[in-house]
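A quick write-up on the structure given underneath.
Numbering (the numbering used here), first residue to last: 8 to 148.
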């Protein structure tokens, strides 16, 4: 059974660049052998990540994320069974939303900033879909 999970969190460390690189490296090392794909979006001190894979693998990874000292204020935005992956080509894609045109964020949020803690899960997924369509996601591997 395949599932898709979307969560948001805030970074604990002030050095977001190092934290993002650490998460991306850990994803590249862990995800392929567990059949996990997805995309990590970040801006300032906020993360939003969508994960796809087998239910047991995704649940185990999310449990790990909840205990990860790099994250705080972790919130589950969406969780659903899926018939096929949307992000099958991404071991872990990446989007720095600080470099995205603010008008894209305004389509899905009250302000031109990433704040998934104040967005619905469906709006957050729609934002990620638009980022994919506009080629704002990098790091396909």
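We put the beta carbon where it would ideally sit given N, CA and C, even for glycine.
Practice item. Just grab the DSSP bridge partners of residue 16 for me. Key: According to DSSP, residue 16 bridges with 54.
Check your understanding: Is the stretch 107 to 122 in contact with the stretch 30 to 41, if contact means three or more CB pairs nearer than 8 Å?
Key -> Contact between the stretch 107 to 122 and the stretch 30 to 41 is absent: fewer than 3 CB-CB pairs across the two stretches fall below 8 Å.
Exercise for review: Determine the closest residue to residue 4 out of 48, 13, 114, with distance taken between C-alpha atoms.
Suggested key: Look at the range of the chain in this structure, 8 to 148, and you will see that residue 4 is not part of it.
Review point. Contact between the stretch 10 to 18 and the stretch 121 to 134: three or more CB pairs below 8 Å?
Key: Counting C-beta pairs with one atom in each stretch, the stretch 10 to 18 and the stretch 121 to 134 have three or more that are closer than 8 Å, which means they touch.
Check your understanding: Does the Cβ-Cβ distance between residue 128 and residue 84 come in under 8 Å?
Key -> yes
Check your understanding: By a C-beta neighbour count over all protein chains shown, 10 Å radius and 16 as the cutoff for buried, is residue 126 buried or exposed?
Key -> Around the beta carbon of residue 126, 16 or more other beta carbons lie within 10 angstroms, which makes this residue buried.
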